[in-house]
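Here the structure comes first, spelled out in structure tokens, and everything after it is commentary.
There are 2 protein chains.
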Amino acid sequence: MELTPSPFAPASYAEPPQVAGVRLATAAAGIKYKGRTDVLAVVFDGGAEVAGVFTKSKCASAPVDWCKANLAGGRAGALLVNSGNANAFTGKRGAEAVKLSADQMAAAAGCKPQEVYLASTGVIGEPLDASKFGAVVDGLVRDAVPGRFLDAAKAIMTTDTFPKLATATAKIGGVETTIVGIAKGSGMIAPDMATMLSFVFTDAPVAAPVLQKLLSRGVKDSFNAVTVDGDTSTSDTVLAFATGAAAKRGAPEITEPGDRRLAAFRKAFGGLLLDLAHQVVKDGEGARKFVAITVEGATSKASARRIGMAIANSPLVKTAIAGEDANWGRIVMAVGKAGEPADRDRLAIWFGDVRVAVEGERDPDYSEAAASAVMKEPEIAIRVDLGLGTGRDTVWTCDLTKGYIAINGDYRS
Amino acid sequence: MELTPSPFAPASYAEPPQVAGVRLATAAAGIKYKGRTDVLAVVFDGGAEVAGVFTKSKCASAPVDWCKANLAGGRAGALLVNSGNANAFTGKRGAEAVKLSADQMAAAAGCKPQEVYLASTGVIGEPLDASKFGAVVDGLVRDAVPGRFLDAAKAIMTTDTFPKLATATAKIGGVETTIVGIAKGSGMIAPDMATMLSFVFTDAPVAAPVLQKLLSRGVKDSFNAVTVDGDTSTSDTVLAFATGAAAKRGAPEITEPGDRRLAAFRKAFGGLLLDLAHQVVKDGEGARKFVAITVEGATSKASARRIGMAIANSPLVKTAIAGEDANWGRIVMAVGKAGEPADRDRLAIWFGDVRVAVEGERDPDYSEAAASAVMKEPEIAIRVDLGLGTGRDTVWTCDLTKGYIAINGDYRS
Chain L
3 MELTPSPFAP ASYAEPPQVA GVRLATAAAG IKYKGRTDVL AVVFDGGAEV AGVFTKSKCA
63 SAPVDWCKAN LAGGRAGALL VNSGNANAFT GKRGAEAVKL SADQMAAAAG CKPQEVYLAS
123 TGVIGEPLDA SKFGAVVDGL VRDAVPGRFL DAAKAIMTTD TFPKLATATA KIGGVETTIV
183 GIAKGSGMIA PDMATMLSFV FTDAPVAAPV LQKLLSRGVK DSFNAVTVDG DTSTSDTVLA
243 FATGAAAKRG APEITEPGDR RLAAFRKAFG GLLLDLAHQV VKDGEGARKF VAITVEGATS
303 KASARRIGMA IANSPLVKTA IAGEDANWGR IVMAVGKAGE PADRDRLAIW FGDVRVAVEG
363 ERDPDYSEAA ASAVMKEPEI AIRVDLGLGT GRDTVWTCDL TKGYIAINGD YRS
Chain V
3 MELTPSPFAP ASYAEPPQVA GVRLATAAAG IKYKGRTDVL AVVFDGGAEV AGVFTKSKCA
63 SAPVDWCKAN LAGGRAGALL VNSGNANAFT GKRGAEAVKL SADQMAAAAG CKPQEVYLAS
123 TGVIGEPLDA SKFGAVVDGL VRDAVPGRFL DAAKAIMTTD TFPKLATATA KIGGVETTIV
183 GIAKGSGMIA PDMATMLSFV FTDAPVAAPV LQKLLSRGVK DSFNAVTVDG DTSTSDTVLA
243 FATGAAAKRG APEITEPGDR RLAAFRKAFG GLLLDLAHQV VKDGEGARKF VAITVEGATS
303 KASARRIGMA IANSPLVKTA IAGEDANWGR IVMAVGKAGE PADRDRLAIW FGDVRVAVEG
363 ERDPDYSEAA ASAVMKEPEI AIRVDLGLGT GRDTVWTCDL TKGYIAINGD YRS
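So the protein lines, in turn, are chains L and V.
Take 3 as the starting number for the first sequence in this note's numbering and just add one per residue.
Take 3 as the starting number for the second sequence in this note's numbering and just add one per residue.
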């Protein structure tokens, strides 16, 4: 089917910087799609420290199992990603396909199979023919060059309508380091499902346990704070690779998470994850609106998060936003159903800067016109004050439109 | 907006039986709608034992607060229901409106205000003008007659496309008793939301504590086992009234929940609640398919329920059903995200009688044609065997169509 580009698709992309120690190449292996790239190979010639965060699904894909099992080693030699087939719910054959993929890539890149990281996105339950990688990996490793991040972001797309890329720099011990990240969002082609993948690369000399801590903490308030439809994929994967090449330019090696020289990098790294997470929401299936939901006055940050997610996942809230309707009653409903401490009669709600409800009823100065004007904007901020405590959190979502139904329901497999 | 009738709307309705001790009347009070009834009054001249189950929302409506506060009394003299305004999130004015409504109805019906039960469905956050009831209650009480249950079911509709009614009979101590129930489902007019109301009437001489136990247990596997969109209303209310009039015909008074003479009545009562709950799903906003989801082999019934609800609330599962696509990979996804014990490699899935997955991968004998044929039916059974234990449960839902988006998003308030 023809996909309508997201209104948030960038008009153009700046040339992404290179990350020293990272070479990339893409190929069209014909996994499922015709006439486009569907395989990404990333080679770390000097190796890289690696960290990962994965789906909590009890039905995780074979590549997720593989990455989790090898992450304790902390070192990566290569990354191999395909779109078009998720290699999920594929039983023993799925595990065999993962092993064969890693063996082929390891032989081509000159590293151990356990140092090859794998991710797949696409159809669930369809066996993945890993021999297709065998035909392309030698050429990919040979042809891989630095800086091809935009091509990389394109090769991992499914129903994404724009490639997702973010870059940042930060000084460690006075030496500039570079971070580049790519992501894919909610995609669906035939009998497929929403899948989120993101890969982040840096030349900073950050040891794997430190990188893991940065990633786990960063994901919590970025990728884990967004939702398109509340459906958790079998394949969600975020991997971070640090080549350490900046050490040659004098950057100090960071081996302790508490190292103060990491402050700027931590901030840049977290900001980049959030940028990518926002891009995923902005390209959510059928999305026309980008919505930030802030809950404050909760009994804790965790409680604020759960109430924020109850609002962000409510189909009635999301369809009201699609209809540009200032339907704050549905926010009340979502707060009420969240199962978290809330006192109806202390609740206040804002759309943008317009307070629509206060002390458990409609704001005495409520202006339908002012509230409606906020709803017409492409980006909408909703704020809820529970009036109970100091817990505060923000989550992000998109609206629920007929485009979502069309992408996910208007087809036969 | 013009609503497309549900494909499950009955072609005609049998004349419902009378329930001795129950008189009904409806009126058009102009709460919100034009040219239709919007108020239902039910009078129990000899009083009735009463039981209730309500929304768990932290932002419950004023009528829900009222009913909960009076339920301990166990006796009802009248029921007053309106559509068009939910009297929810209306602060002190909401509580005052409820008090005034009960006073007016009590004066008309000759009972205490605390014996008047109230329910409202419609817009949230809009103050309810209870003086409109004052203009009609005397006439309603005067004109109320037995057996007007179909008119009653019509008066409480919002965006329901058909009135929901169920009847049953059961013998207690050899004497036939009658049960009639009505319900309204997911409705939405302007800035409104899904709201579920149901009222059940019987002439059986069942004491309030027994009736409460029957209702609480019955709701668990009927109304609490269905979902249209996962959004819990501020107003959900199920009330059961037992006039005891059958005692005059010799039915024994039941004062203990464990009374064996209650067996047939319990079964009939539970079946009636399930019938009404299914009607609510079949008239879910935009629904074209009715789906039963059975999860077995779980570690407990509660775990099976949570996994069933994860499947039933998944927008990706529901859009696949709307598209008549045998997309079992999305069932796998929903099982995986439910947060309950599950072993990917023991999972088996059926659409109707067609097994599509077994032992963690696609069934070796999988037939796309056979699975697709099941998906074309209006009523679809999905079964998941987790292979872990003996926990089993069934929940019911509908598909997610563009009709849902249109009803909830294609308008301005």
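No residue lacks a Cβ here, since even glycine has one placed at the ideal position from N, Cα and C.
Strictly by DSSP, which residues pair up with residue i?
| i | result |
| --- | --- |
| W330 (chain L) | According to DSSP, which records beta bridges pairwise, W330 (chain L) is partnered with nothing at all. |
| V297 (chain L) | L:V386, L:D395 |
| W352 (chain V) | V:R357, V:R385 |
| K186 (chain L) | L:L199 |
| F292 (chain V) | V:E381, V:C400 |
| I174 (chain V) | V:V177 |
| V143 (chain V) | Bridge partners of V143 (chain V): none, in fact. |
| T239 (chain V) | V:F56, V:L199 |
Would residue i and residue j qualify as a contact pair, given that the criterion is a beta-carbon distance under 9 Å?
| i | j | result |
| --- | --- | --- |
| F267 (chain V) | I174 (chain V) | yes |
| L402 (chain V) | T321 (chain V) | yes |
| N410 (chain L) | G325 (chain V) | yes |
| W398 (chain V) | A270 (chain V) | no |
| S316 (chain L) | T57 (chain L) | no |
| E258 (chain L) | V212 (chain L) | yes |
| V147 (chain V) | V230 (chain V) | no |
| T39 (chain V) | A88 (chain V) | no |
| A253 (chain L) | P207 (chain L) | yes |
| L81 (chain V) | L42 (chain V) | yes |
| A132 (chain V) | E98 (chain V) | yes |
| G299 (chain V) | G362 (chain V) | no |
| G232 (chain L) | I407 (chain L) | no |
| K303 (chain L) | R394 (chain L) | yes |
| G76 (chain L) | A210 (chain L) | yes |
| F243 (chain L) | V202 (chain L) | yes |
In three-state DSSP terms, what is residue i?
| i | result |
| --- | --- |
| K36 (chain V) | coil |
| T92 (chain V) | coil |
| T180 (chain L) | strand |
| S85 (chain L) | strand |
| G220 (chain V) | helix |
| Y119 (chain L) | strand |
| T163 (chain L) | coil |
| L213 (chain V) | helix |
| V232 (chain L) | The residue asked about is misnamed: residue 232 (chain L) is Gly in this sequence, not Val. Coil, per DSSP. |
| G411 (chain V) | helix |
| T6 (chain V) | coil |
| D194 (chain L) | Bear in mind that the predicted position of D194 (chain L) carries a pLDDT of just 34, short of 50, making it too unreliable to give a figure here. |
| G310 (chain V) | helix |
| I126 (chain L) | coil |
| V52 (chain L) | strand |
Indicate whether at least one CB of chain V lies closer than 9 Å to the CB of residue i.
| i | result |
| --- | --- |
| V138 (chain L) | no |
| I384 (chain L) | no |
| G86 (chain L) | no |
| M195 (chain L) | Bear in mind that the predicted position of M195 (chain L) carries a pLDDT of just 37, short of 50, making it unreliable; the figure below should be weighed with that in mind. Judged by the 9 Å Cβ criterion, M195 (chain L) is in contact with chain V. |
| K404 (chain L) | yes |
| G220 (chain L) | no |
| S224 (chain L) | no |
| V337 (chain L) | yes |
| P380 (chain L) | no |
| M190 (chain L) | Annotation note: pLDDT 35 at M190 (chain L) (below 50); position unreliable, coordinate value reported separately. Closer than 9 Å to some Cβ of chain V, the Cβ of M190 (chain L) qualifies, so yes. |
| W330 (chain L) | yes |
| T239 (chain L) | no |
| S8 (chain L) | no |
Would residue i pass as an interface residue toward chain L - the criterion being a Cβ-Cβ separation below 9 Å?
| i | result |
| --- | --- |
| P12 (chain V) | no |
| P129 (chain V) | yes |
| P65 (chain V) | no |
| L417 (chain V) | Residue 417 (chain V) lies beyond the stretch modelled for chain V, which goes from 3 to 415, so this question has no answer here. |
| E342 (chain V) | yes |
| I33 (chain V) | no |
What residues from the stretch 50 to 61 of chain V come within 7 Å of chain L, judged by C-beta to C-beta, listed N to C?
S59, K60, C61
Interfacial residues, the stretch 305 to 324 of chain L to chain V, with Cβ spacing under 9 Å
N315, S316, P317, L318, V319, K320, T321, A322, I323, A324
What residues in the stretch 90 to 123 of chain L have a beta carbon less than 9 Å from any beta carbon of chain V?
A90, F91, T92, G93, K94, R95, G96
Below 8 Å between beta carbons is the criterion; list the residues of the stretch 357 to 370 of chain L that meet it against any residue of chain V, in chain order.
A359, E361, G362, E363, R364, E370
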